[in-house]
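In the numbering used here, the protein residues as written are 2 to 233.
A virtual CB, placed ideally from N, CA and C, is assigned to each residue, including glycine.
From a predicted model like this one, the values you see are computed outputs, not experimental measurements.
I have placed the structure first, in the form of structure tokens, so that the comments after it can refer back to it.
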């Protein structure tokens, strides 16, 4: 049996970095992109372009538009403005799409079951995130256990970026000699602008700050990355 992995792939910085990190580790990689009626629908085309450019032979785009009907967020409703910075206090930012990672990871796991893959990879991160509860390690571990119980199938939800900050995520792209690809060809912007993005939304601010930190402190951050991921 070949060593297979399924990647939840949006074409953004994090999922694309996960893909380039996974490519030398697996015999076969399947990308899954979810069309949930998202505001920045350009990400679907970006994801398709990137998976092809990186040599992925199987890339599924799944219709999950039901999520758009149920989950109210600035990423699913054009009449809700995208915030320019994170909300302060205890409330979640309106870019949070409730249930998104629950649904995406569950569907990716069902697909993994069908193709007999033992790994599902996602780019969620608890270190540098927008306060989303479904990006926490505790959530991923709990869902992993539930999926294994519900399908009687041994499966690992892998989160290679979980404990990396954004500067270290940039370092990981550079480690794989793909810094320029991540800088110019990925789409993280909440307003759907590829590369550096709109420079106003929280996603762009986080991405830009991480890149600047990395470029100013390359050696230190690369060493930190290597220690965390036990890279040579």
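The shortest C-alpha to C-alpha distance from residue 161 to any of 74, 17, 54 is the one to 17.
When the alpha-carbon of residue 57 is set against those of 28, 137, 68, the nearest one is in 28. Counting only residues of its own chain and dropping the five nearest sequence neighbours on each side, residue 45 has a CB closer than 7 Å to the CB of 34, 36, 62. Annotation: the segment 126 to 190 contains the following complete segments of the alpha helix (DSSP H) (minimum length 4 residues), in chain order: 138 to 152, 167 to 176, 180 to 186.
Under the three-state reduction of DSSP output, residue 97 falls in the coil class, being neither helix nor strand. Residue pairing from DSSP places residue 64 in a beta bridge opposite 36. For residue 45, no beta strand (DSSP E) segment is defined; the enclosing uninterrupted segment is the alpha helix (DSSP H) at 43 to 54. Under DSSP, residue 120 forms a beta bridge with 6, 157.
If you draw a 10 Å sphere on the C-beta of residue 171, you find 16 or more other C-beta atoms in it, and that means buried.
Here residue 14 is near residue 208, since their CB atoms are less than 8 Å apart. Around the beta-carbon of residue 41, 16 or more other beta-carbon atoms lie within 10 Å, marking it buried. Residue 48 has its alpha-carbon roughly 8 Å from the corresponding atom of residue 187. In the DSSP assignment, residue 215 falls within the alpha helix (DSSP H) that extends over 203 to 217. One Cα belongs to residue 30, the other to residue 64, and the distance between them is close to 20 Å. Sorting 126, 50, 54, 111 by C-alpha distance to the C-alpha of residue 151 places 111 at the top. Pairing residue 3 with residue 165, the inter-Cα distance amounts to about 29 Å. In the DSSP assignment, residue 23 falls within the alpha helix (DSSP H) that extends over 14 to 23. It is roughly 20 Å from the alpha-carbon of residue 157 to the alpha-carbon of residue 134. According to the DSSP secondary-structure assignment, residue 30 is paired through a beta bridge with 6. In terms of CA proximity to residue 163, 229 leads the group 81, 229, 21, 79. With 16 or more other Cβ atoms inside 10 Å of its own Cβ, residue 175 counts as buried. A straight-line Cα-Cα distance of about 11 Å links residue 191 and residue 197.
Beta-carbon to beta-carbon, residue 159 and residue 120 are separated by about 5 Å, close enough to satisfy the 8 Å threshold.
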